[in-house]
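>
There are 2 protein chains.
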Amino acid sequence: MTTTEPDAARPRRGPRLSRDKVLQAAVEFADDSGIESVTMRRLARRLGVEAMALYNHVANKEALLDGMVSVVLNEINDATADIRGAWKPALRRRILTARQVMLRHPWTPGVLETRTDPGAQVNRYYDALIGLFRDGGFSLDLTHHVLHALGTRAFGYTHEPWDDSQPPPDPALLARQMAGEYPNIAAMLENVSHDANTSLGWCDDQFEFEFALDVLLEGLERRRDAETSRSRTR
Amino acid sequence: MTTTEPDAARPRRGPRLSRDKVLQAAVEFADDSGIESVTMRRLARRLGVEAMALYNHVANKEALLDGMVSVVLNEINDATADIRGAWKPALRRRILTARQVMLRHPWTPGVLETRTDPGAQVNRYYDALIGLFRDGGFSLDLTHHVLHALGTRAFGYTHEPWDDSQPPPDPALLARQMAGEYPNIAAMLENVSHDANTSLGWCDDQFEFEFALDVLLEGLERRRDAETSRSRTR
DNA sequence: ACCTGAACACCGTTCAAGT
DNA sequence: ACCTGAACACCGTTCAAGT
């Protein structure tokens, strides 16, 4: 009677832990409460287990973070697997799809950038991207530069050096306050707040991301054309 | 006699702490030993003082990091203050100068991206950049998009999603190992290792940074030209 | 005004012990 | 094979006390 009782000591999960369950729970936890909430102790409590139990499924905290990233990258690889076609639209769709996944796991960029080892999922993703460029007539050399030029944008995100997630309470007021010391910022702020285009009244991250991506893709296309015409005339 | 003795209890610094000394020491410490070494306790010991003494000059750890960033940005503002001229070469020189400063403080990108408040030094830097674009005939609207497109590249750095700081021991061997699962990566690796251009035998970060920067600046110039010709025909 | 010392609430991680 | 419990070496930060 006492042994068959469904144990109430484990509030969250089934009867047994696994590496997969640990990683899944960690990702959910970070999505819900932010990456700073994901400590070994608190994650363990969420799983109804002592902190040290996690170490049976994950070597240490760094390995946990590696695993969390690979979960997200897996999601991206799955979501983009079927995207083919001409290099530019295919690339654009792949990257914007990756972006959608990243937006669901906003802690990922910060963690990804502290990883030293890319891991298998990154390789899978890049291999597909490189394939698109090769099919599009880019040389291996140019493709290499292109990957560097894309940087993290290849994964659908950029880290802005400021936090524009929420607009200032009164952009026009802010512009007036800055007018003395920073006349150019003030002028830009005032213009943005007057602009009917940006219907949100502040930076539209999706628009800005696509703008920059298109500038890059067009520029890279020109580099490719210059390369092929150079090799033709030679 | 006992009171006039030059106190040996403070190994590093002069007789008294100041906010400036704290920030300067923290920057040096991070430059030397990495940002993860900069804890309140260890920084204090380096200054020959107890940890809690720091709180007289800095509100808390976050404020310390804010201050450290502002030290570096000050350095950038000073180093770029005199750079003028045509928008494209001026911008290029400003950004590459900022990059040189950043390379001396390699912890800065990581810390900058965790700041929520840009701070006065960021405003000074951006105000100068915006001025260059305005002088170059960019509309305020386009300038706004352009700043987003540059992102952290405006400050002379990009976060690569992988760590290429040191080349693999044998790129050709790595290429062969990857050939099965990641044929495109393997082809690229093999090409890079054969390429005489990249004399380092691996990624030349400075070259890649300038390549991407030039692609962007050229693309932005085309956007400006499209904008002005549109407004002419209207 | 500035600094110290003890204490508190956390971390990640070890080790030996349990089943 | 998997989990627990106690312990260790760290964190940032508080508070009261010293000068």
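For the record, the sequence lines run as chains A and B. According to the numbering used here, the first sequence is numbered sequentially starting from 17. According to the numbering used here, the second sequence is numbered sequentially starting from 17. Note that CB positions come from ideal geometry on N, CA and C, so glycine has one too.
Put Y173(A) into one of helix, strand or coil per three-state DSSP.
On the first sequence, residue 173(A) is found 157 positions in, with the first residue counted as 1. It is coil, neither helix nor strand.
> If I measure Cβ to Cβ from A126(B) and keep anything under 7 angstroms in the same chain, skipping five residues before and after, which residues do I get?
For this step, residue 126(B) is matched to residue 110 along the second sequence. Position check: residue 126(B) holds Gly in this sequence, whereas Ala was assumed. The residues are I51.
> State the Cα-Cα distance for the pair S215(A) and R240(A), rounded to the nearest angstrom.
Taking the first residue of the first sequence as position 1, residue 215(A) is located at position 199. Taking the first residue of the first sequence as position 1, residue 240(A) is located at position 224. Because S215(A) carries a pLDDT of 49, less than 50, the predicted location of this residue cannot be relied on, and the following value inherits that uncertainty. Answer to the nearest angstrom: the Cα atoms are 36 angstroms apart.
> Would you report the Cα separation of H121(B) and T130(B), rounded to the nearest angstrom?
Along the second sequence, read from residue 1 onward, the residue named residue 121(B) stands at position 105. Along the second sequence, read from residue 1 onward, the residue named residue 130(B) stands at position 114. Spanning the two alpha carbons is a distance of roughly 16 angstroms.
> So E224(B) contacts chain A; which residues on that side make the cut at Cβ distance below 8 angstroms?
Along the second sequence, read from residue 1 onward, the residue named residue 224(B) stands at position 208. Neighbours of E224(B) on chain A, chain order: H161, H164 and A165.
> Can you list the residues of chain B that E234(A) reaches, using a CB-CB cut of under 7 angstroms?
Position 218 of the first sequence, counting from 1, holds the residue named residue 234(A). Here the neighbours are G235.
> Span of the alpha helix (DSSP H) holding Y71(B)?
As a first step, residue 71(B) is located in the second sequence; it is residue number 55 there, counting from the start. Segment: none, Y71(B) is in no alpha helix (DSSP H) and carries neither H nor E.
> Note down, in chain order, each residue of its chain lying with its Cβ closer than 6 angstroms to the Cβ of E176(B), except the 5 sequence neighbours on either side.
Walking along the second sequence from the start, residue 176(B) turns up at place 160. The answer is none, since no qualifying residue turns up.
> Alpha carbon to alpha carbon, how far is L163(B) from F171(B)? Give it in angstroms, no decimals.
Counted from its first residue, the second sequence places residue 171(B) at position 155. Counted from its first residue, the second sequence places residue 163(B) at position 147. Distance between the alpha carbons of F171(B) and L163(B): 11 angstroms.
> Please classify E243(A): does DSSP put it in a helix, a strand, or coil?
Along the first sequence, read from residue 1 onward, the residue named residue 243(A) stands at position 227. Here E243(A) sits in helix by DSSP.
> Once you ignore the five residues that flank L233(B) on each side, which residues in its own chain have a CB closer than 8 angstroms to its CB?
For the purposes of this step, residue 233(B) is taken as residue 217 along the second sequence, with counting starting at 1. Closer than 8 angstroms at the Cβ level, and outside the excluded window around L233(B), lie K104, L107 and R108.
> Beta-carbon of E129(B) versus every beta-carbon of chain A: anything under 7 angstroms?
Here the question's residue 129(B) lines up with position 113 in the second sequence. Chain A contact via Cβ: present.
> For the alpha helix (DSSP H) containing G126(B), name the first residue and the last one.
Within the second sequence, the letter at position 110 stands for residue 126(B). Start and end: T124 to L128.
> I'd like to check one pair, T113(A) with T132(A): are the Cβ atoms closer than 7 angstroms?
Residue 132(A) sits at position 116 when you count from the first residue of the first sequence. Residue 113(A) sits at position 97 when you count from the first residue of the first sequence. No, they are not a contact pair.
> Going by CA-CA distance only, name the one from G101(B), E237(B) and R115(B) that's closest to N93(B).
Indexing the second sequence from 1 puts residue 93(B) at position 77. Out of G101(B), E237(B) and R115(B), R115(B) has the C-alpha closest to the C-alpha of N93(B).
> Taking the C-alpha atoms as reference points, what is the distance between L156(A) and F149(A)?
Residue 156(A) sits at position 140 when you count from the first residue of the first sequence. Residue 149(A) sits at position 133 when you count from the first residue of the first sequence. Rounded to the nearest angstrom, the two C-alpha atoms are 9 angstroms apart.
> Any idea what DSSP makes of T132(A), helix, strand or coil?
Taking the first residue of the first sequence as 1, we reach residue 132(A) at position 116. Residue state, collapsed to three classes: coil.
> Give the secondary structure of W103(A) by DSSP, where H, G and I count as helix, E and B as strand, and everything else as coil.
Position 87 of the first sequence, counted from the first residue, corresponds to residue 103(A). Residue state, collapsed to three classes: helix.
> Assuming D143(A) contacts Y198(B) under a Cβ cut-off of 8 angstroms, what Cβ separation, rounded to an integer in Å, is found between them?
Along the first sequence, one-based indexing puts residue 143(A) at 127. Along the second sequence, one-based indexing puts residue 198(B) at 182. The pair is a contact, with the Cβ atoms about 4 angstroms apart (cut-off 8 angstroms).
> Taking Q40(B) as part of the alpha helix (DSSP H), name the residues at either end of that continuous run.
Position 24 of the second sequence, counting from 1, holds the residue named residue 40(B). Q40(B) -> alpha helix (DSSP H) spans R35 to S49.
> Going by DSSP, what residue range makes up the alpha helix (DSSP H) through P12(B)?
In the structure as shown, chain B begins at 17 and stops at 250. Residue 12(B) is therefore absent and cannot be evaluated.
> Kindly indicate which three-state DSSP category V65(B) falls into: helix, strand or coil?
Counting from one through the second sequence, the residue named residue 65(B) turns up at place 49. Coil at V65(B), not helix or strand.
> What does a CB cutoff of less than 7 angstroms around L158(B) pick up in its chain, not counting 5 residues either side in sequence?
Within the second sequence, residue 158(B) is the residue found at index 142, counting from 1. The answer, listed in chain order, is R239, R240 and E243.
> Using 8 angstroms as the Cβ pair cut-off and three pairs as the minimum, do the stretch 40-47 of chain B and the stretch 79-93 of chain B touch?
The answer is yes - the stretch 79-93 of chain B touches the stretch 40-47 of chain B, with three or more Cβ pairs under 8 angstroms.
> Taking buried to mean at least 16 other C-beta atoms within 10 Å of its own C-beta, is P134(A) buried or exposed?
Walking along the first sequence from the start, residue 134(A) turns up at place 118. Buried.
> Any heavy atom of the ligand SAM closer than 6 angstroms to the beta-carbon of G101(A)?
Looking at this structure, you won't find the ligand SAM or any other ligand, since it has none at all.
> Let me confirm a value: R246(A) is counted as buried when at least 16 other C-beta atoms fall within 10 Å, else exposed. Which label applies?
Counted from its first residue, the first sequence places residue 246(A) at position 230. By the 10 Å Cβ count, R246(A) comes out exposed.
> Kindly indicate which residue of A102(A), A165(A) and M68(A) has the alpha-carbon position closest to the one of E226(B).
Position 210 of the second sequence, counting from 1, holds the residue named residue 226(B). Closest by alpha carbon: A165(A).
> In this structure, how does DSSP classify H121(B) when only helix, strand and coil are distinguished?
As a first step, residue 121(B) is located in the second sequence; it is residue number 105 there, counting from the start. Here H121(B) sits in coil by DSSP.
> Since A203(B) meets chain A, which of its residues come closer than 7 angstroms, beta carbon to beta carbon?
Residue mapping note: residue 203(B) aligns to position 187 of the second sequence, counting from 1. L156, listed in chain order.
> Sort E78(A), T124(A), V88(A) and L145(A) by Cα distance to I111(A) and report the nearest one.
Start at 1 with the first residue of the first sequence, and residue 111(A) comes out as number 95. The shortest Cα separation from I111(A) among E78(A), T124(A), V88(A) and L145(A) belongs to L145(A).
> Quick check on E91(B): buried or exposed, where buried means 16 or more other Cβ atoms within 10 Å of its Cβ?
Your numbering for residue 91(B) matches position 75 in the second sequence. Buried: at least 16 other Cβ atoms inside 10 Å.
> Can you grab the Cα-Cα spacing for the pair V74(A) / T249(A), in whole Å?
Residue 74(A) sits at position 58 when you count from the first residue of the first sequence. Residue 249(A) sits at position 233 when you count from the first residue of the first sequence. Spanning the two alpha carbons is a distance of roughly 57 angstroms.
> G147(A) versus chain B: which residues are under 7 angstroms apart at the beta carbon?
Here residue 147(A) refers to the residue found at position 131 of the first sequence. Going along chain B in sequence order, the residues near G147(A) (Cβ under 7 angstroms) are N200.
> For a contact meaning CB atoms closer than 9 angstroms, what does Y71(A) contact in chain B?
Counting from 1 along the first sequence, the entry for residue 71(A) is found at position 55. Those do not exist, as Y71(A) stays about 22 angstroms from chain B at its closest Cβ, beyond 9 angstroms.
> Would A106(A) count as contacting chain B if we go by Cβ distances under 7 angstroms?
The residue labelled residue 106(A) in the question sits at position 90 within the first sequence. Taking Cβ atoms only, chain B never reaches closer than 7 angstroms to A106(A), which makes this a no.
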